[in-house]
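Note sheet for the following structure.
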Amino acid sequence: MRFWLLKSEPDVFGYADLARAGREPWNGVRNYQARNFLRQMTAGDLCLFYHSGTRPPGVAGVAQVVRAAYPDNLQFDPASSYADPRATPEAPRWSMVDVAPLLALPRLITLDELRTLPAWAASPLLARGSRLSVLPVDRAQVQSVLQAAGTTLPALDEPAAPAL
DNA sequence: GCCAACGTTGGC
DNA sequence: GCCAACGTTGGC
1 MRFWLLKSEP DVFGYADLAR AGREPWNGVR NYQARNFLRQ MTAGDLCLFY HSGTRPPGVA
61 GVAQVVRAAY PDNLQFDPAS SYADPRATPE APRWSMVDVA PLLALPRLIT LDELRTLPAW
121 AASPLLARGS RLSVLPVDRA QVQSVLQAAG TTLPALDEPA APAL
């Protein structure tokens, strides 16, 4: 299992919207680095759901990848602002995954608070001018956020897949 | 292949 | 609303 952070503007689509929807294609990512991370995701990976463009920004919940990367539908939709005329169904350029809600944090863990957590010291999220909307995190970072929020995820504390 | 111009992101 | 940082575009 790997761990990721997904940014979204809550005015557009926040964690509460995901909780309501039950499942959602994470489409519209139009940055190659972010796209390449999407392509590394597999079902079962956990994603911190980060609210950006709001005050304060921070992690609002945890989502789970429920479908690995497949072609982003919006790239083929001329009516979409995410349309990409260079993309064809035979040669798609952009990918999306499907995510589902897993846990709403009891309280937002703000960007300011992330800056105080040792596990986050080296995260690109905290780097000046960071704009990446999909980025890898690690188990310790996820755990530190859950701990700060006063909650846990049983799946996190289990050892990696037990050998049979 | 360089680089200036431009558009976008995102914290403040 | 401002502005710094960054990625992309397109002329050359």
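In this text, residue positions in the first sequence follow this note's numbering: the first is 1, and each later residue adds one. For each residue, glycine too, the CB sits at the ideal point set by N, CA and C.
Straight through space, the alpha carbons of T116 and L108 are spaced by roughly 15 Å. For Q147, the enclosing alpha helix (DSSP H) starts and ends at 139 to 149. When secondary structure is reduced to three states using DSSP, Y82 falls in the coil class, being assigned neither helix nor strand.
Beta bridge pairing from DSSP links F3 with L46, V137. At the C-beta level, W4 and L103 stay beyond 8 Å of one another. If one requires a minimum length of 3 residues, the beta strand (DSSP E) runs lying completely within the region 54 to 127 are 58 to 71, 95 to 110, in chain order. Close CB contacts of L114 within its chain, under the 8 Å cut and outside five residues either way in sequence, are with G58, V59, W120, S123, L125, L126, V145 (chain order).
Separation of R39 and Q141 (C-alpha to C-alpha, rounded to the nearest whole angstrom) is 21 Å. In this structure, F37 lies away from S8, with their beta-carbon atoms at least 8 Å apart.
With 16 or more other Cβ atoms from the protein chains shown falling within 10 Å of its own Cβ, S95 counts as buried.
Looking at the DSSP output, E9 bridges to nothing. Inclusion of G61 and L105 in the CB contact set at 8 Å is warranted, their separation being smaller than that value.
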